[in-house]
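Written below as structure tokens is the structure these notes are about.
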Amino acid sequence: MPELPEVEVTRRTIAPGLHGAVVTEARLGKPLRWPLGCDPQQLAHRTVGLAQRRGKYIWLPLGAPLGGAAGQAGTPGDADADADADADAATGGLLIHLGMSGSLLLSQQPAEAGAHDHFDLVTTRGTLRLHDPRRFGAVVWSPALDREPAARLLAGLGPEPFDAALDAAGFHARLQARRAPIKQVLLSGQAVVGAGNIYACEALHVAGIDPRTPAYRLSRPRAGRLLQAVRDTLARALALGGSTLRDFHDAHGMDGAYQQQAAVYGREGQACPRCAAPVLRIVQGQRATYYCRACQRR
DNA sequence: AGTTAAACCTGGTTGC
DNA sequence: TGCAACCAGGTTTAAC
Numbered sequence: 003m004p005e006l007p008e009v010e011v012t013r014r015t016i017a018p019g020l021h022g023a024v025v026t027e028a029r030l031g032k033p034l035r036w037p038l039g040c041d042p043q044q045l046a047h048r049t050v051g052l053a054q055r056r057g058k059y060i061w062l063p064l065g066a067p068l069g070g071a072a073g074q075a076g077t078p079g080d081a082d083a084d085a086d087a088d089a090d091a092a093t094g095g096l097l098i099h100l101g102m103s104g105s106l107l108l109s110q111q112p113a114e115a116g117a118h119d120h121f122d123l124v125t126t127r128g129t130l131r132l133h134d135p136r137r138f139g140a141v142v143w144s145p146a147l148d149r150e151p152a153a154r155l156l157a158g159l160g161p162e163p164f165d166a167a168l169d170a171a172g173f174h175a176r177l178q179a180r181r182a183p184i185k186q187v188l189l190s191g192q193a194v195v196g197a198g199n200i201y202a203c204e205a206l207h208v209a210g211i212d213p214r215t216p217a218y219r220l221s222r223p224r225a226g227r228l229l230q231a232v233r234d235t236l237a238r239a240l241a242l243g244g245s246t247l248r249d250f251h252d253a254h255g256m257d258g259a260y261q262q263q264a265a266v267y268g269r270e271g272q273a274c275p276r277c278a279a280p281v282l283r284i285v286q287g288q289r290a291t292y293y294c295r296a297c298q299r300r
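The structure is reproduced here in structure tokens:
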């Protein structure tokens, strides 16, 4: 479900409603990929900032607790307790990842938490709920984006696809260092973030590039075309409301519309829309790759 | 160092 | 119908 377009759609749907809300309570369900990293009660009384996105992560800024509620904890003279109280009072935020099957829903009257609802952030403007059957997702407290643990999780990410500072030359240069197949390099996010398995396949098809081509072998012009194809593919999916295959819906529960649009992904044996040759399915790095042998070349 | 496999976990689909 | 096998949008960690 969640590649960059889905994550961005989610961010856009939750950001306005949550901005300025005050957290009243946080609840945890079953364990996710990583622990929250703080006591859920520590999230209460904080004001929610404007949700941001980095790669496929959503960053939800949380201000310091209102009303001096913190600071009542420490025993006078106990240095460790004082330090903890200071940490509790500081600003920070939640780094949220949707994993393979996660989705966020912001609602005024949330139903009782189900078996796959693993995190609730109850606020004065509604409850943000993470629903994630496979539990590859995560919600992690971090003092800031550039401090641990967020900094470590974001450390390996390449440039944002829509960052104007990323140009064909820069993208090409990043590919030069990689001998792995271009499909796997796209998935790694080291040259550009955001293309998951579906959009990586689609972008390579748009660019007419064989997914098995070693990344460093792409010429500068072809690298430029691939970067443009990644941008076009992601932008198109974004414009259609995200959605990949089956069960994506935004934070208001609306379905996306990209699912009918795939040219090669999930279409093994069907005709390539461009040249009518049958679409092939191969496995690269334990992930399925779909491509057209006739019009995608090395 | 760079590339590749294994792991995390659940549910839906496919095939015998 | 029952059940095993296989598949799925992602990323970290361990192992060649």
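For the first sequence, the working numbering assigns the number 300 to the last residue and increments by one with no breaks. Note that beta-carbon positions come from the ideal geometry of N, C-alpha and C, so glycine has one too. This structure is a prediction, so every number in the text was calculated from the model and none was measured.
Cβ-Cβ separation between Val195 and Ala217: approximately 15 Å, too far for a contact (criterion under 8 Å). In this structure, the straight-line span from the alpha carbon of Ala23 to that of Tyr267 is close to 40 Å. For Glu27, DSSP records a beta bridge to Val124.
Contact between the region 199-210 and the region 9-29 is absent, with fewer than three C-beta pairs closer than 8 Å.
Remark: C-beta atoms of Pro145 and Gly94 approach each other more closely than 8 Å. By alpha-carbon distance to Pro63, the top candidate from Ser103, Pro37, Ala113 and Asp148 is Asp148. Between the alpha carbons of Pro151 and Ala171 lies a gap of roughly 32 Å. Taking all protein chains shown into account, Arg224 has 16 or more neighbouring C-beta atoms within 10 Å of its C-beta and is therefore buried. The Cβ-Cβ distance between Ala46 and Thr26 falls below 8 Å. By the C-beta density criterion, Asp169 is exposed, having fewer than 16 other C-beta atoms within 10 angstroms. Between the region 171-184 and the region 271-278, the count of Cβ pairs shorter than 8 Å is below three; the stretches do not touch. By the neighbour-count criterion, in which 16 or more other beta carbons inside 10 Å mark a residue as buried, Thr15 falls on the buried side. A straight line joining the alpha-carbon of Ile284 with that of Asp234 spans about 24 Å. For Glu114, the number of other beta carbons within 10 angstroms of its own is below 16, and it is reported as exposed.
Secondary structure at Leu52: coil, using DSSP grouped into helix, strand and coil. Here Thr129 is buried. Its C-beta has 16 or more other C-beta atoms within 10 Å.
Per the DSSP secondary-structure output, Trp61 pairs in a beta bridge with Gln54 and Leu97. In its chain, beyond the 5 residues on either side, Leu34, Arg35, Trp36 and His99 have a beta carbon closer than 6 Å to the beta carbon of Ala140. Positions of the beta strand (DSSP E) runs, each at least 3 residues long and wholly inside the region 106-169, are given as 119-125, 128-133 and 140-144 in order along the chain. Put simply, of Leu236, Thr291, Ala278 and Thr49 the residue whose alpha carbon is nearest the alpha carbon of Thr125 is Thr49.
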